[in-house]
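One structure is given below, encoded as structure tokens.
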Amino acid sequence: MRRQPKEIIESSNMISRRALIVGGAQLGVMGLLGWRLQSMQVEQADEFRLLAEENRINIRLLPPARGLIFDRNGFPIAANEQNYRVVMVREDAGDVGAVLAKLTEIVDIDPDDLARAMQEMQRRSPFVPVTIADRLSWEDVAEINLNTPALPGIQAEVGLSRVYPLGADLAHVVGYVGPVSDYDLSRIEDPDPLLQIPKFQIGKSGAENKLEASLRGSAGTRRIEVNAAGRIMRELDRQEGDPGKDVQLTIDSRLQSYVQARLEGQSAGAVVIDLENGDLRAVASAPAFDPNLFVRGISTTDWNGLNADKYRPLAAKAVQGTYPPGSTFKMVTLLAAVEAGLVAPDETVYCPGFTDVFNIRFHCWKRGGHGNINLHESLKQSCDCYYYEIAQRVGIDKMAEMARRLGLGVRHDLPLSAVAQGLAPDKQWKAEVHGEDWRIGDTVNASIGQGYVLASPLQLAVMCARLATGREVTPRLVRLVDGVEQPSGLGESLGINENTLRRVRASMNDVCNHRRGTAYGSRVVDEAHKIAGKTGTSQVRRITPEERAAGVTRNEDLPWERRDHALFVGYAPFDNPRYAVSVVVEHGGGGSRAAAPIARDILLQAQFGGPPPLEAYPTGLRDEIAAQQRRIAARIPAGATGQSRA
Amino acid sequence: MSYLEHNTKYVPTGLRKVLHLNWPIVMLLIAVASAGFLMLYSVAGGSTTPWVEPQFKRFMLGMALMLAVAMVPIWFWRNMAFLAYGGSLLLLLGVEFFGEVRMGAQRWIDLGFMRLQPSELTKITLVMFLAAYYDWLPNNKTSHPVWVVLPVLFILAPTMLVLNQPDLGTALLLLLGGATVMFLAGVHWAYFGTVAALGIGSVLAVFQSRGTSWQLLKDYQYRRIDTFIDPANDPLGAGYHITQAKIALGSGGWTGRGFMQGTQSRLNFLPEKHTDFIFTTLAEEFGFVGAITLLTLYLLIVAFCIISALSNRDRFASLLTLGVAMTFFLFFAVNMAMVTGLAPVVGVPLPLVSYGGSAMLVLLVGFGLVQSAHVHRPR
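Protein chains in written order, with the numbering used here: chain L, 1 to 646; chain B, 1001 to 1379.
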């Protein structure tokens, strides 16, 4: 098969031609590859570089330390505590089961926590630290550190957690923090990136919640390099955030603890205002709850217990609770009438024990009536008929206006949860809300703080403060934010005739210090610390004519929730007022019996800055008071006796 | 027996053959392999283990094999072509058979010191056999239908076996490599035109029929094709890899991020960074300059092969040289197109650079044939 040279040349030429075509095609493909490389590596290089950086660089937020909250003496009432936890890195542990078994020998670990941790470890990458146990004691951590060689993969870590040294005593004021929830996030318009940190703690109630903006601080950032599996390779840089600002409240934690202790066993609220600047010295609601429970995550049992309690420990009664103010409202009716010139101080009204208004009979609390009674005596003896009469003269609108001037029916701007507005009803309000005309009977009821009128202990304290000073005292809860003094609450003059106010005060003085005053039993005998005030007893039920005829059932014979509310507003010292107080004991019975003694004790405690000498009390009471002081001293937390740390 | 037509008197003998080797190709091969060692050193985090050392040993073995093959006269290899092709076909059948028995995806034969993939071997033996076939076939019969169908069968037999493994990349290389040899041998344009038209037609038919009542494939098959063509449809699977590869490549920029400084490879974002995707590491660390340099080295190797083939009057030698060059070209072109996102990921290594023994040894043996053809060319 020898080929002809011609054939060989022919074939060779053919191959050469086709080889050049193939070579040309190859060159074309390589040109395409080169163009592709050029467009990716030169033209789009920046975009791809950015993507590569995004791949490898993660930004982690560094949560700032939350601002502390102090009381007025510099005692910390919300602090950050070092919290030790144990974490495990699976890949370092080797035999996970054996290491955990050894760990449980050293420290007590809840089996549920352990099971949860095991599950999480299986789910996560082997290099991710998983929390095994939280909130360990320092001793436990020391023990773990000592055994480090036997516990591969186990590390003790430290974090900060919120702690409330005074526990329940300030629960309703300070509130508590908790992990941010989906609901929290959904309510916030432009969420702080910090809130995306799992279990980040934010204020959930009280001042912690309302002062969140100051307390939270801002996030720091940490740029880290991670590999494809998410393992941290190194830290690139770190920028510390700003810690939260410290806040100082006006609360005097010693007084606060005292008030809480004094209210113990009752469902009650009490507020103490400093008349020099409107500072809230104590805002107490009883019973209370331990906010530390919420920080740790409250158990279902505890939570159900708190909710089932008929005394409602979760409610901040001092600011949220609204009650018919009863006779403590009489100052409002009185001032409205006198300011309008519709009643003269020496004018007497005859009290037969009842007043008939358009065929409806309104009763005075005193069955036989007070007889002829003037302004001074009406307040001192709390005669109802006098107020029925003057209220009809002045009308509800002027009374409501006076109530608002004195701080009732208006929401005081405080950084506390659900501050109540209360209600100072007028004709317009009833038309709008009930769609009915205002009736004269409504005015009569309102004149003694019943009917539609509602006020919170805070509002009653503000009213009392304004009566005592004649100025528009506004309550102040925050004294300093980050060292900056907040505006004082001592307002301008109310513009009420000073003589009228003096008459009212003189009458309030007699309430406590005159033999026939309704709170004479709660008088203070120490001349320099005497108190003045007004009792109130507000009905929560209707007394039928039949019951009245048969004799009104005594409070003690009624079920708790149908008993009268006991109220007292007062101030001290009577001649140069420094503190105003309000006390509301839910279903406590009569104000003079249930509320006035509490108010007396609180005012004395506030004036003396500690337990008052027994000499301040009338002789007959001293033994009882001494026993009470011992009981309370034993209960007040040690910290609250207070070294200053301001 | 075409060498009988040539005067072989002037062909060098003995060690003098070494002087007549195509040295530029040898140097270029060493250069490309060195780039490979460098990159394997880099992806191992600055270590000669686990990849550089075995790769270097295999390269040395490959070079020795290349020289050994080069020393043997090309006419011997032509005579061996049928045996080689038949042998590799048997091996393919063997792994097909034993692979089934062993219940795994074991597609290679253990040679003790290394494992050989018969499918890699076939890439060279098929080209060799086709070159020998056309060397034997008289010119005037080249485009005769019977003599066209025969080599088509020669190509399809191993292609089908490989496709069945399944190894799409190798099947593609076999098909294109074989077709190129047929084209070079002078088979009439019309055949290629018809096949191309049929191929394009059927692809169009498959896609056009989608969603109509005469749909040719099942829905799930279409979805598979979608993912194959555009892996971005499957961002967690194949899409993730190609996306990361493109990021690595693109982030290299002009001059790259520096040797062993590529974050994509160092932090394991790159898949298969020491095998099929090693080019992206190179492009990331040495940038456009590095990538184009490697491309140029490849281009030069192909160019020197083509020059050698053109200057060789022997039909078998020319076809073989061009066939090996085409196979080599297909390797790096498909690999680069794959990692730059121009082509779907089919699993073709970057020749002489990717870690792996079979492809390197087979290619170096192929270049041994090219050298032999060069040394023993008719003068």
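Glycine is no exception: its CB is placed at the ideal position from the N, C-alpha and C atoms.
Q.
Along the chain, where does the alpha helix (DSSP H) containing L/HIS376 start, and where does it finish?
A. In this chain, the alpha helix (DSSP H) harbouring L/HIS376 covers 375-380.
Q | Pairwise C-alpha distance: L/ALA229 and B/THR1049 | A | Each residue's alpha carbon lies about 22 Å from the other.
Q: Give the interface partners of B/ASN1139 over in chain L, defined as CB-CB distance under 7 Å, in chain order.
A: Residues of chain L whose Cβ lies closer than 7 Å to the Cβ of B/ASN1139 are, in chain order, GLU7, GLU10 and SER11.
Q | For L/THR300, the three-state DSSP class (helix, strand or coil) | A | In the displayed model, L/THR300 falls within a helix according to three-state DSSP.
**Q.** Per DSSP, cross-strand counterpart(s) of L/TYR350
**A.** Beta-bridge pairing links L/TYR350 to L/ASN372.
Q: Just grab the DSSP bridge partners of L/ALA159 for me.
A: The sequence given here has Gly at residue 159 of chain L, not Ala. For L/GLY159, the beta-bridge partners assigned by DSSP are L/ASN83.
(Q) Spatial neighbours of L/PRO597 within its chain, please: C-beta separation below 8 Å, excluding the five flanking residues on both sides. (A) Excluding positions up to five away in sequence, the list reads GLY521 and SER522.
Q: Report yes or no: is there a C-beta of chain L within less than 7 Å of the C-beta of B/ASN1079?
A: For B/ASN1079, no Cβ of chain L is located within less than 7 Å of the residue's own Cβ.
Q: Could you have a look at B/MET1103 and say whether DSSP puts it in helix, strand or coil?
A: Since pLDDT at B/MET1103 reaches only 38, below the 50 mark, its modelled position is unreliable, and the value read off the structure follows with that caveat. In this structure, B/MET1103 counts as coil in the three-state DSSP scheme.
(Q) For B/ASN1022, would you say it is in contact with chain L, using Cβ-to-Cβ distances shorter than 7 Å as the test? (A) Residue contact with chain L for B/ASN1022: absent (no Cβ-Cβ distance below 7 Å to any residue of chain L).
Q) Who are the neighbours of L/PHE48 on chain B, taking C-beta pairs under 9 Å? A) The contacting residues are LYS1246, ILE1247, ALA1248, LEU1249, GLY1250, SER1251, GLY1252 and GLY1253.
(Q) For L/LEU236, would you say it is in contact with chain B, using Cβ-to-Cβ distances shorter than 7 Å as the test? (A) For L/LEU236, the answer is no, since every Cβ of chain B falls outside 7 Å of its Cβ.
Q: Grab the span of the alpha helix (DSSP H) containing L/LYS204 for me, first residue to last.
A: DSSP places L/LYS204 in no alpha helix (DSSP H); its state is neither H nor E.
Q. How big is the Cα-Cα spacing for L/LEU136 and L/VAL86?
A. In a straight line, the C-alpha of L/LEU136 is about 8 Å away from that of L/VAL86.
Q. Going along the chain, which residues of its own chain have a beta-carbon closer than 7 Å to the beta-carbon of B/PHE1277, five neighbours each way excluded?
A. Sequence-distant partners of B/PHE1277 (beyond 5 residues in either direction) whose C-beta falls short of 7 Å from its own C-beta, in its chain, are ALA1245, LEU1270, PRO1271 and VAL1339.
**Q.** For L/PHE574, the three-state DSSP class (helix, strand or coil)
**A.** Under the three-state reduction of DSSP output, L/PHE574 falls in the coil class, being neither helix nor strand.
Q: Enumerate, from N- to C-terminal direction, the unbroken beta strand (DSSP E) stretches of 3 or more residues contained entirely within the stretch 1168-1252 of chain B.
A: As far as the stretch 1168-1252 of chain B is concerned, it has no whole beta strand (DSSP E) run of at least 3 residues.
Q.
For L/GLN256 and L/ALA270, I'd like the C-alpha separation in whole angstroms.
A. About 10 Å.
Q.
Please report the distance separating the alpha-carbon of B/PRO1151 from that of B/LEU1116.
A. The alpha-carbon atoms of B/PRO1151 and B/LEU1116 are separated by roughly 26 Å.
Q | Per-residue burial, L/GLN428 [other beta carbons within 10 Å of its own, 16 or more giving buried] | A | By the 10 Å Cβ count, L/GLN428 comes out exposed.
**Q.** Cβ-based burial, L/LEU20 [other Cβ within 10 Å; buried from 16]
**A.** L/LEU20 comes out exposed.
Q: Could you please give the first and the last residue of the uninterrupted beta strand (DSSP E) stretch that includes L/ARG668?
A: Summary: the structure shown does not reach residue 668 of chain L, with chain L confined to residues 1 through 646, and so no result is reported for it.
Q. How many angstroms separate the CA atom of B/LEU1342 from the CA atom of L/GLU189?
A. Rounded to whole angstroms, the gap between the alpha carbons of B/LEU1342 and L/GLU189 is 45 Å.
**Q.** Close-in-space but distant-in-sequence residues of the same chain around B/PHE1228 (CB under 6 Å, 5 per side omitted)
**A.** Answer for B/PHE1228: PRO1344, listed in chain order.
Q | In DSSP terms, what L/TYR258 is bridged to | A | Note: L/TYR258 sits in no beta bridge, so no partner.
Q) How would you call L/GLY620, buried or exposed, if buried means at least 16 neighbouring beta carbons within 10 angstroms? A) Looking at its Cβ environment, which holds fewer than 16 other Cβ atoms inside 10 Å, L/GLY620 is exposed.
Q. Near L/GLY409, what residues of its chain come up, given a Cβ to Cβ distance below 6 Å and the 5 sequence neighbours on each side ignored?
A. In its chain, beyond the 5 residues on either side, ALA403, GLY422, LEU423 and ALA424 have a beta carbon closer than 6 Å to the beta carbon of L/GLY409.
(Q) Quick check: is the beta carbon of L/ILE15 nearer than 7 Å to any beta carbon in chain B? (A) The beta carbon of L/ILE15 falls within 7 Å of a beta carbon belonging to chain B, placing the residue at that interface.
Q.
Strictly under 7 Å for the Cβ-Cβ distance: is L/ALA19 near chain B by that measure?
A. Cβ-Cβ to chain B under 7 Å: yes for L/ALA19.
Q: Please confirm whether L/VAL130 and L/GLU120 have their CB atoms less than 7 Å apart.
A: The Cβ atoms of L/VAL130 and L/GLU120 lie closer than 7 Å to each other.
(Q) Quick check: is the beta carbon of B/LEU1029 nearer than 7 Å to any beta carbon in chain L? (A) Taking Cβ atoms only, chain L never reaches closer than 7 Å to B/LEU1029, which makes this a no.
(Q) So, at 7 Å on beta carbons, what are the nonlocal neighbours of B/PHE1192 in its own chain, with the 5 sequence-adjacent residues on each side left out? (A) Result list for B/PHE1192: PHE1183, in chain order.
Q. Anyone know if the C-beta pair for L/VAL295 and L/TYR386 falls short of 7 Å?
A. Contact annotation: L/VAL295 and L/TYR386 have beta-carbon atoms that are not nearer than 7 Å.
Q: Would you decide whether B/VAL1146 is buried or exposed? Buried here means 16 or more other CB atoms lie within 10 Å of its CB.
A: Note on B/VAL1146: under 16 other CB atoms within 10 angstroms of its CB, so exposed under the neighbour-count rule.
Q. When every heavy atom of the ligand NAP is checked, does at least one fall within less than 6 Å of the C-beta of B/LEU1350?
A. Looking for the ligand NAP in the displayed structure turns up nothing, as the structure carries no ligands at all.
(Q) I need the DSSP call for L/LYS245, collapsed to helix, strand or coil. (A) Coil, per DSSP.
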